[in-house]
Amino acid sequence: EAQVTQNPRYLITVTGKKLTVTCSQNMNHEYMSWYRQDPGLGLRQIYYSMNVEVTDKGDVPEGYKVSRKEKRNFPLILESPSPNQTSLYFCASNPGRSYNSPLHFGNGTRLTVT
Amino acid sequence: AQSVTQLDSHVSVSEGTPVLLRCNYSSSYSPSLFWYVQHPNKGLQLLLKYTSAATLVKGINGFEAEFKKSETSFHLTKPSAHMSDAAEYFCVVRAQEGGSQGNLIFGKGTKLSVKP
């Protein structure tokens, strides 16, 4: 089944403890992206990647890192999480060849930083 | 600059009555427009998209949207609401900048409630 898989689904951590949220897609998509969703703010893009070893900042990149060493994986890294990073995070992908291609989303990771 | 405004943060309808979720956009280019739906504890799923072909776009689950350039609108409609339509809906605009992915701009979302 074609899908975007995020892990974990739920994560509670403490301020300053490094964490990684994994994202994997099995559709051979070139484009991958991370969003955070906060009440009343919709989805805001954190980072995106047009292809392997190519990453760019989105609208809210501060406090996050990403890497794209392989086509299928696009992990989101929080080196020193803070409470304002408590949010619902989504990974998404699309083929990348056409800017009209819709995004395929993972089921989300709900992160709480205390 | 591109932007998208969803005019209602919450819409409540009775089962069997029409649904109207409003979206206005602003774009310097000829835009691509999308509607996504998010059910509780799920990721977003594409409902429909407009990409400069027919102005009336039909999507899944009986939804449709009409692109009106003169009004810069892309409202989502459904003739008869079903309980399973209760979800959050996002209007999304992508500017068509030649050859590149472009950025997606998400609206803040409209939560649809459906009463029995």
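Chains F and V, in that order, give the protein sequences.
The first sequence begins at 1 in this note's numbering and counts up one residue at a time.
The second sequence begins at 115 in this note's numbering and counts up one residue at a time.
In this text, a Cβ means the ideal position worked out from N, Cα and C, and glycines have one as well.
**Asked** Where Ile46(F) and Ala167(V) are concerned, what is the direct C-alpha to C-alpha distance, given to the nearest angstrom?
**Response** Cα atoms of Ile46(F) and Ala167(V): separation of roughly 31 Å, rounded to the nearest angstrom.
**Prompt:** What residues match up with Pro75(F) in a beta bridge as DSSP calls it?
**Reply:** Answer is none; Pro75(F) lacks a bridge partner.
**Request:** Return no unless some Cβ of chain V is closer than 8 Å to the Cβ of Pro61(F).
**Result:** Chain V, which has no Cβ nearer than 8 Å to the Cβ of Pro61(F), makes this no.
**Asked** Taking contact to mean at least 3 C-beta pairs separated by less than 8 Å, is the stretch 83 to 100 of chain F in contact with the stretch 179 to 198 of chain V?
**Response** With a cut-off of 8 Å on Cβ pairs, the stretch 83 to 100 of chain F is not in contact with the stretch 179 to 198 of chain V, counting fewer than three such pairs.
**Request:** Give, in chain order, every residue of the stretch 171 to 189 of chain V whose Cβ lies closer than 9 Å to some Cβ of chain F.
**Result:** Shown here is that no member of the stretch 171 to 189 of chain V has a Cβ falling below 9 Å from a Cβ of chain F.
**Interface positions of the stretch 73 to 89 of chain F facing chain V (Cβ-Cβ less than 8 Å), listed along the chain** = Nothing from the stretch 73 to 89 of chain F brings a Cβ to less than 8 Å from some Cβ of chain V.
**Item:** Inter-residue CB distance, Leu162(V) and Glu178(V) (contact presumed, cutoff 8 Å)
**Value:** Indeed they touch by this definition, with Cβ atoms about 7 Å apart.
**Prompt:** Which residues bound the beta strand (DSSP E) around Pro145(V)?
**Reply:** If you look at Pro145(V), you'll find it in the beta strand (DSSP E) that goes Pro145 to Gln152.
**Message:** So Val113(F) and Pro81(F) are supposed to be a Cβ contact under 8 Å. How far apart are they, rounded?
**Reply:** Right, the Cβ-Cβ distance comes to about 4 Å (below 8 Å), so this counts as a contact.
**Message:** As a quick exercise: from Gln120(V), Ser227(V), Val206(V) and Pro154(V), pick the residue whose alpha carbon is nearest that of Arg110(F).
**Reply:** Closest in alpha carbon position to Arg110(F), among Gln120(V), Ser227(V), Val206(V) and Pro154(V), is Pro154(V).
**Request:** Reducing DSSP to helix, strand and coil, say where Met50(F) ends up.
**Result:** In the structure shown, the three-state DSSP call for Met50(F) is strand.
**Any C-beta of chain V under 8 Å from that of Asn26(F)** = False, the Cβ-Cβ gap to chain V never drops below 8 Å.
**Prompt:** Taking buried to mean at least 16 other C-beta atoms within 10 Å of its own C-beta, is Ala115(V) buried or exposed?
**Reply:** Exposed is the call here.
**Message:** Please list the terminal residues of the continuous beta strand (DSSP E) segment that includes Met32(F).
**Reply:** Under the DSSP assignment, Met32(F) falls in the beta strand (DSSP E) whose first and last residues are Tyr31 to Asp38.
**Asked** Under 8 Å between C-beta atoms, does Leu43(F) make it to chain V?
**Response** Yes, because at least one Cβ of chain V sits closer than 8 Å to the Cβ of Leu43(F).
**Prompt:** How do the stretch 67 to 78 of chain F and the stretch 17 to 37 of chain F stand: do at least 3 beta-carbon pairs fall below 8 Å, yes or no?
**Reply:** The stretch 67 to 78 of chain F, when compared against the stretch 17 to 37 of chain F, does touch it at the 8 Å Cβ threshold.
**Message:** For Ser123(V) and Gly96(F), I'd like the C-alpha separation in whole angstroms.
**Reply:** Rounded to the nearest whole angstrom, the C-alpha separation of Ser123(V) and Gly96(F) is 31 Å.
**Item:** Own chain, CB closer than 8 Å to Met232(V), minus 5 neighbours either side, in chain order
**Value:** Outside the shown range of chain V, which is 115 to 230, sits residue 232(V), and nothing can be said about it.
**Request:** Determine, using beta carbons only, whether Gly157(V) comes closer than 8 Å to chain F.
**Result:** At least one chain F Cβ lies under 8 Å of Gly157(V).
**Closer than 8 Å to chain V by CB, Gly106(F)** = Chain V, which has a Cβ nearer than 8 Å to the Cβ of Gly106(F), makes this yes.
**Message:** Contact criterion: CB-CB distance below 8 Å. Does Lys163(V) meet it with respect to chain F?
**Reply:** For Lys163(V), the answer is yes, since a Cβ of chain F falls inside 8 Å of its Cβ.
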